[in-house]
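Worksheet for the structure shown next.
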Ligand SMILES: Cc1cc2nc3c(=O)[nH]c(=O)nc-3n(C[C@H](O)[C@H](O)[C@H](O)COP(=O)(O)OP(=O)(O)OC[C@H]3O[C@@H](n4cnc5c(N)ncnc54)[C@H](O)[C@@H]3O)c2cc1C
Ligand SMILES: *[C@@H]1O[C@H](CO)[C@@H](O)[C@H](O)[C@H]1NC(C)=O
Ligand SMILES: *[C@@H]1O[C@H](CO)[C@@H](O)[C@H](O)[C@H]1NC(C)=O
Ligand SMILES: *[C@@H]1O[C@H](CO)[C@@H](O)[C@H](O)[C@H]1NC(C)=O
């Protein structure tokens, strides 16, 4: 009875929100740096308004250089004072604590790249373009398209900046050519780095120009922001082309054996797995000649502006399901009904693809064909003016919106079949245990190639994005907490997966430096060359890179619930709510917080 109601409620809200979002504009996200007086005494955060460890961040001031010479002065002044620095971008979309300067809280400088967003040079003949490091992905794609050029691969979200997205190795999906990471198409970088002494110009900073063939370019491509400020980037682009997209839904029997073959056949395709529903969506996605008919547009539903009331409603429903199970009965079926309904509607509406063929309906059928620049990425919730209905991106922090954890790990292609079979074994123990993930797009699986960039991928891999509910209360365990923790540890330790540098909880980075092997050492060498005093480093980047003895994990009450540690004692979970530290069920080396279904179940409140 109850579940039926919420099912209809969700159907209605999703339909409504699709209707409404075509009629209204979005309210732009709030700034990530806010200061007390002018540009001093600032508070810094990320786009979600929360770091994985829930700490806050203060900075002495913010600088907003408008060009490279102002940038050089800014870095020089701070460098002379030996002040810690960090680049912040217009929205700072990374989840880890990457937007916070190192040193003592409140004493560092943040350098915003929001004004370093111009196009410096376009060479249509060679297909090259030079742009400021702060240009947004959308700005970059549009500027290229005006010149008949296309960025061959990109992340799926257009709101990040070029400096930020290459800084964390961001990517789309592909095993062809150089692969899907934007940094593979970087052929030049101008970097502003600090100096320990004044140069001929009296400045304690200098510009380093790196081009193809310079070894340090392999460090600068994926730099985690620790080498200095990326002032300009030159990209190798391609003539504009079109893409043809069809989403094909199948059952998940044996699909783990088809992943590698599918990857080698599709230029841009990906796979979304809904494990509890047993459904897999293969995105058949390939290049077609520019002369092919079609003006399709990708306006992914999840990245559209959502009216506040609807997002808050969904969050409340989610919280309701979570708390029901936490405190009383183990009954995730509410989530499963919701997820099946939501996925069905999304698939029927083409996941936000628009044919633009003159019909009143947005989506009229497959294939959807359109220019690369219209198909490769989306994010309409960002481009709008303030509106009365207060529509925002789903995760907007000013509203009681979506809060989630994200575990994003690349599993070597050679191991993907066994990894998925392991996850299936876990799923088969309790089929409902992964419904929660399906409310956040399931397991999104993208192909990525080994990279020569020092912090890039070490093997051809399948990058798996798993997004799931995060409670407002850090001591509140999640529904089926143990299953996702086991999958996270299995991906990271059994299959030695590499974490996405811009996503993940703290545990995602445990052992990363070792996994990088010799490439990690080469990166640290470049770091010591350009920023020997570590002015662009912070406790977090040191921890990730295994430097200066900084710790990645924090052992305290409830730490495993938020991925701040791997539990070794019950108090790392939530013993008072019945969640104890236990071995995994399939990967028995893992240690996870599991609800022991004994006495508590009998105390059900009805
Ligand atoms: C909705 C959403 C969807 C996403 N989809 C994808 C996806 O499809 N694929 C994918 O791979 N990732 C994806 N991501 C992750 C995202 O690409 C990364 O987190 C990316 O790093 C964010 O870029 P940003 O410009 O916001 O940078 P930030 O998060 O602000 O910065 C990242 C790091 O780079 C440094 N930095 C930024 N600019 C410069 C510069 N000019 N010079 C030196 N250092 C700099 C910062 O100091 C920081 O350390 C997604 C994120 C969101 C929120
Ligand atoms: C900066 O912050 C400190 C502590 O919060 C406060 O005492 C001081 O007055 C602030 N200065 C300005 C200029 O706002
Ligand atoms: C697609 O790209 C071509 C070539 O650059 C351009 O002429 C055309 O206008 C673009 N189509 C759309 C719908 O933007
Ligand atoms: C991953 O694949 C490699 C190469 O095939 C193999 O040696 C290794 O044992 C695999 N790891 C696991 C955990 O299956």
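In mature numbering (1 follows the signal peptide of the UniProt record, and there is no 0), the protein residues as written are -26 to -1, 1 to 580.
All residues carry an ideal CB built from backbone N, CA and C; glycine is no exception.
Beta-carbon gap between residue i and residue j smaller than 8 Å
| i | j | result |
| --- | --- | --- |
| residue 126 | residue 230 | no |
| residue 128 | residue 161 | no |
| residue 103 | residue 124 | no |
| residue 537 | residue 479 | yes |
| residue 137 | residue 511 | no |
| residue 8 | residue 32 | no |
| residue 195 | residue 427 | yes |
| residue 133 | residue 356 | yes |
| residue 78 | residue 59 | no |
| residue 276 | residue 329 | no |
| residue 458 | residue 440 | yes |
| residue 391 | residue 245 | no |
| residue 66 | residue 20 | yes |
| residue 247 | residue 419 | yes |
| residue 370 | residue 5 | no |
| residue 1 | residue 366 | yes |
| residue 556 | residue 454 | no |
| residue 317 | residue 385 | no |
| residue 184 | residue 209 | no |
| residue 449 | residue 532 | yes |
| residue 122 | residue 154 | no |
| residue 202 | residue 516 | no |
| residue 383 | residue 460 | no |
| residue 411 | residue 321 | no |
Nearest to residue i (by Cα), restricted to the options the options
| i | options | result |
| --- | --- | --- |
| residue 558 | 333, 353, 468, 391 | 468 |
| residue 524 | 514, 277, 52 | 514 |
| residue 115 | 386, 345, 310, 550 | 345 |
| residue 535 | 6, 22, 425, 28 | 28 |
| residue 68 | 87, 11, 135 | 135 |
| residue 398 | 253, 96, 326, 281 | 253 |
| residue 326 | 484, 272, 56, 497 | 272 |
| residue 47 | 169, 149, 518, 444 | 169 |
| residue 250 | 310, 26, 71 | 310 |
| residue 481 | 386, 15, 206, 526 | 526 |
| residue 495 | 89, 122, 372, 192 | 192 |
| residue 72 | 570, 424, 332, 198 | 198 |
| residue 568 | 112, 452, 518 | 452 |
| residue 92 | 262, 106, 100, 99 | 106 |
| residue 53 | 549, 172, 236, 158 | 172 |
| residue 341 | 400, 434, 268, 433 | 268 |
| residue 434 | 335, 486, 423 | 423 |
| residue 444 | 15, 22, 12 | 22 |
| residue 263 | 205, 274, 343 | 343 |
| residue 550 | 204, 12, 570 | 570 |
| residue 564 | 351, 463, 334 | 463 |
heavy atom of ligand 5 below 7 Å from residue i C-beta
| i | result |
| --- | --- |
| residue 134 | Within the structure as shown, ligand 5 is missing, the only ligands being ligand 1, ligand 2, ligand 3 and ligand 4. |
Below 8 Å, how does it come out for the segment 160 to 180 and the segment 212 to 219: are there three or more Cβ pairs, yes or no?
no
Minimum length 4: unbroken alpha helix (DSSP H) runs contained in the segment 447 to 509
455 to 463, 486 to 490, 492 to 504
Would the segment 186 to 193 count as touching the segment 218 to 236 if we require 3 or more Cβ pairs under 8 Å?
no
Below 8 Å, how does it come out for the segment 464 to 477 and the segment 130 to 145: are there three or more Cβ pairs, yes or no?
yes
Report all residues for which the CB-ligand distance to some heavy atom of ligand 4 is below 7 Å; order them along the chain.
386, 388, 389, 392, 468, 469
Threshold first: 4 residues or longer. Then list the alpha helix (DSSP H) segments lying entirely within the segment 90 to 150, N to C.
111 to 120, 136 to 141
Where in the segment 513 to 567 do unbroken runs of the beta strand (DSSP E), each at least 3 residues long, occur, reported from the N-terminal end onward?
553 to 557
Pick out every residue whose C-beta is nearer than 5 Å to a heavy atom of ligand 3: which are they, in chain order?
122, 214, 269, 345
Using 8 Å as the threshold, is the segment 31 to 44 in touch with the segment 480 to 500, meaning 3 or more CB pairs across them?
no
List in chain order: all unbroken alpha helix (DSSP H) runs of 4+ residues lying wholly within the segment 208 to 250.
233 to 239
Validate contact between the segment 235 to 244 and the segment 537 to 547 using beta carbons, cut 8 Å, 3 pairs:
no
Determine contact between the segment 365 to 380 and the segment 400 to 411, defined as no fewer than three beta-carbon pairs at a distance below 8 Å.
no
List in chain order: all unbroken beta strand (DSSP E) runs of 3+ residues lying wholly within the segment 320 to 392.
342 to 345, 378 to 386
Ignoring anything shorter than 4 residues, give me the alpha helix (DSSP H) runs that lie fully in the segment 398 to 426, in order along the chain.
409 to 412
In chain order, each alpha helix (DSSP H) run of at least 4 residues that lies wholly inside the segment 155 to 209
191 to 194
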